[in-house]
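As you go down the protein sequences, you meet chains A and B in turn. The opening residue of the first sequence carries number 140 in my numbering; numbering runs sequentially from there. The opening residue of the second sequence carries number 34 in my numbering; numbering runs sequentially from there. Cβ coordinates follow ideal geometry from the N, Cα and C atoms, glycine included.
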Amino acid sequence: MTINETVDQIIKEFNLFDDWMDKYNYLIEMGRSVPLIDETQKTDSNLIVGCQSRVWLSSEYKDGIIYFTADSDAVITKGIAYLLIRVFSGHTPTEIVGAETTFLDMIGLKEHLSPTRSNGLLSMVKQIKLYALAYQVKEKNS
Amino acid sequence: MIEISEIKIQSVRDDFPILSRTIYGKPLVYFDNAATTQKPNAVIDAISNYYRNDNANVHRGVHYLSQYATGAFEEVRKRIADFIHAGTPNEIIFTRGATEAINLVAWSYCETFLHAGDEIIVSALDHHSNIVPWQAACERKGAQLKVIPVTPEGELDLEVLNSLLNSRTKMLAISHISNTLGTINPVADIVAMAHAKGVPVFIDGAQGLSHGPVNVQETDCDFYAFSAHKMYGPMGIGGLYGKTVWLEKMQPYQLGGEMIDKVTFAKTTFNEIPYKFEAGTPNVADVMGFGAAISYLETIGWDFIITRENDLLQYATARLSEIEGIKIIGTSPQKAAIISFLIEGIHFFDAGTILDHMGIAVRTGNHCTQPLMEVLGISGTLRASMAFYNTRQEIDKLVDGIHRVKTLFA
């Protein structure tokens with residue numbers, strides 16, 4: 140599935156919910172059920188500093204594809220991290236660098252994109268893009 | 034204790050237009066008053082009226098509007114001096130808020146009085162704003178920062194404080210009321226302890242001035258900092274009270290504008306206090322709003338404010354304590370209407386996000402008190418900080434909200 144196809148899929152899933160509570164329930168379920176990161180990857184260098192909850196993001200580059208794993212001590216943040224991984228993990232650096240991130244707005248999680256939220260979501264998106272950019276540069280130079 | 038009717042509470046709520054708005058379609062329950070209080074019509078109108086009718090730069094003009102603005106501006110200075118019982122209006126310096134007032138003293142006082150090998154005492158209970166400027170002053174001057182520890186109840190350990198005070202101590206900086214736990218520090222006793230050892234005391238009153246009367250002469254503190262926006266006034270304005278004897282000896286903090294006396298390229302001399310510390314055109318419109326806030330508080334009266342806030346604090350403490358898995362952080366018997374708490378097994382960010390969707394505004398996180406969080410061994414709390422316009426019904430909504438959060442994350 141391309142990044143855009145996954146995004147469309149997620150938008151469709153969220154459109155099924157009329158009530159914000161159901162939306163959060165869905166995020167909470169995802170945040171709970173998915174093992175997102177190897178415990179050994181929960182290092183300080185993988186920690187994204189946000190004032191509210193702690194978020195770890197780790198990346199692995201294999202055969203031209205980037206794989207992301209993440210975790211957070213807050214369940215909602217972990218659910219959002221899961222969404223981001225679903226969208227971006229398993230793609231090439233070029234695909235990730237060029238991808239739009241407006242889908243979070245479209246599924247009604249706009250408030251999490253405000254910089255004052257400090258839940259690390261903006262930093263997570265930024266970090267994903269930075270990893271992709273770094274791998275892209277590395278690829279070009281090799 | 035005075036009796037307060039529902040009608041009176043509603044009429045006070047009607048003074049604050051924002052309290053009737055909705056959030057996500059639900060009535061706003063505003064429990065973030067320690068971050069900033071809401072503004073009554075009187076304050077909003079005073080600012081608007083100033084720009085509509087009275088705007089002119091102060092202190093500089095012979096024309097009518099400038100003289101009128103200057104008179105009104107200086108009248109507010111006098112009203113603030115009366116409100117906190119300062120000796121003279123010259124002891125009141127306008128700043129952007131409490132943080133700027135702390136920075137002013139941490140620079141200007143320390144420039145003159147702090148030397149290598151000296152010590153400054155701060156507390157583990159305090160806001161970053163009352164720690165970091167002093168820490169920076171110590172680094173600049175080669176002095177040492179000493180820290181008063183906090184008891185498990187969230188009170189300052191006064192025995193340790195007493196042992197920290199010595200002839201090298203050049204300043205003791207503490208808060209009047211803890212923004213995170215609500216603890217009201219026994220500031221008059223602390224000042225007496227410090228003065229007995231010849232140490233001046235700086236009080237961060239950001240949370241202090243909205244919950245009860247302050248008398249700086251009775252307390253005998255050397256400095257007292259405050260922010261208008263935490264006392265129903267506008268943002269971006271606040272002030273510093275300082276004893277004349279200190280202010281006259283301190284270096285100016287910023288240069289230019291009304292603080293100048295005479296300028297030549299050989300030498301510049303500075304104006305008298307308080308102008309010596311007020312560089313540039315001041316925030317006149319918000320000073321007008323600040324004046325209106327003080328008038329409003331005086332009209333409402335401390336009896337009403339204290340009675341209401343004590344009732345809310347007791348009711349909220351009792352209702353929250355009934356919920357299984359709630360832990361209240363900060364249990365001093367001397368507390369303002371600020372309650373920090375944790376819900377067992379649920380991250381404060383998760384809880385705060387869900388409460389927000391119910392229209393309930395609480396604060397989550399470390400509340401700019403990271404050293405305190407470290408002492409308490411937690412990374413943050415949920416904080417409900419109440420004001421006299423809040424109601425028991427709103428506390429019931431918070432309690433219902435917490436039950437819903439517990440079900441959702443169970």
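- Sequence-distant Cβ neighbours of B:THR184 in its own chain, meaning closer than 7 Å and more than five residues away, are ASP190.
- Here B:LEU178 carries a strand assignment [DSSP, helix/strand/coil].
- Around B:LYS179, the same chain offers GLU152, ILE153, ILE154, VAL155, LEU197 and THR202 as residues with beta carbons nearer than 8 Å, after the five sequence neighbours per side are excluded.
- Within the DSSP secondary-structure output, B:THR301 pairs in a beta bridge with B:VAL296.
- The residues GLN148, in chain order, have a CB closer than 8 Å to that of A:MET140 in the same chain once the five nearest residues on each side in sequence are set aside.
- Judged by their CB atoms, B:GLY271 and B:GLY130 are nearer to each other than the 9 Å cut-off.
- Not flagged as an interface residue toward chain A: B:GLY245, since no C-beta distance is shorter than 9 Å.
- Following the DSSP letters along the chain, one finds B:THR340 inside the alpha helix (DSSP H) bounded by residues 335-355.
- With a beta-carbon spacing of about 29 Å, B:SER354 and B:ASP237 fall beyond the 8 Å limit used to define contacts.
- Within 10 angstroms of the beta-carbon of B:ARG93 lie fewer than 16 other beta-carbons, which makes it exposed.
- Residues of the stretch 194-219 of chain A with a C-beta less than 8 Å from any C-beta of chain B: ASP212, ALA213, VAL214, ILE215 and THR216, listed in chain order.
- Contact residues of the stretch 362-387 of chain B toward chain A are HIS380, PHE382, ASP383, THR386 and ILE387 (C-beta to C-beta distance below 7 Å).
- Taking a beta-carbon distance threshold of 9 Å, A:ILE167 counts as an interface residue toward chain B.
- Between B:ALA227 and A:SER228, the alpha-carbon positions lie close to 60 Å from each other.
- Within chain A, GLN191 have C-beta atoms less than 8 Å from the C-beta of B:THR397, given in sequence order.
- In this chain, the beta strand (DSSP E) harbouring B:SER156 covers 152-156.
- Excluding the 5 residues flanking it on each side, B:ILE359 has same chain C-beta neighbours closer than 8 Å at LEU353, PHE374, LEU375, ILE376, GLU377 and ILE435, in chain order.
- Chain B has a Cβ within less than 9 Å of the Cβ of A:TYR163.
- With its beta carbon at least 9 Å from every one in chain A, B:PHE421 lies outside the interface.
- A:LEU196 is positioned such that its CB atom lies closer than 9 Å to that of A:PHE207.
- Note on B:SER208: 16 or more other CB atoms within 10 angstroms of its CB, so buried under the neighbour-count rule.
- Every unbroken stretch of the beta strand (DSSP E) spanning 3 or more residues and falling wholly within the stretch 356-430 of chain B is given here in chain order: 359-362, 371-376, 396-398 and 414-418.
- Among the bridge pairs identified by DSSP, B:SER208 is matched with B:ASP237.
- By the C-beta density criterion, B:ILE35 is exposed, having fewer than 16 other C-beta atoms within 10 angstroms.
- Between A:MET160 and chain B, the shortest Cβ-Cβ separation is below 9 Å.
- Taking A:ILE204 as the centre and dropping the five residues before and after it, the same chain places the C-beta of GLY229, HIS230 and THR231 closer than 7 Å to its C-beta, in chain order.
- Annotated three-state conformation of B:THR128 is strand, per DSSP.
- Of the other Cβ atoms in all chains shown, 16 or more fall within 10 Å of the Cβ of B:ASP383; this residue is therefore buried.
- Distance from the CA of B:PHE146 to the CA of B:LEU194, rounded to the nearest whole angstrom, comes to 21 Å.
- Shown here for B:VAL438: same chain residues with a beta carbon closer than 7 Å to its own, the five before and five after excluded, namely ILE376, ILE379, ALA384, ILE387 and LEU388 in chain order.
- The C-alpha of B:PHE337 lies about 28 Å from the C-alpha of B:PHE256.
- Taking a beta-carbon distance threshold of 9 Å, B:SER99 does not count as an interface residue toward chain A.
- Under the 8 Å Cβ criterion, the stretch 278-288 of chain B counts as touching the stretch 309-325 of chain B, having at least three qualifying pairs.
- A distance below 6 Å between beta-carbons, with the five flanking residues on each side excluded, links B:VAL432 to the following residues of its chain, in chain order: ARG352.
- In this structure, B:HIS148 keeps its C-beta atom at 9 Å or more from the C-beta atom of B:THR213.
- A Cβ-Cβ separation of about 5 Å places B:GLU188 in contact with B:SER365 under the 8 Å criterion.
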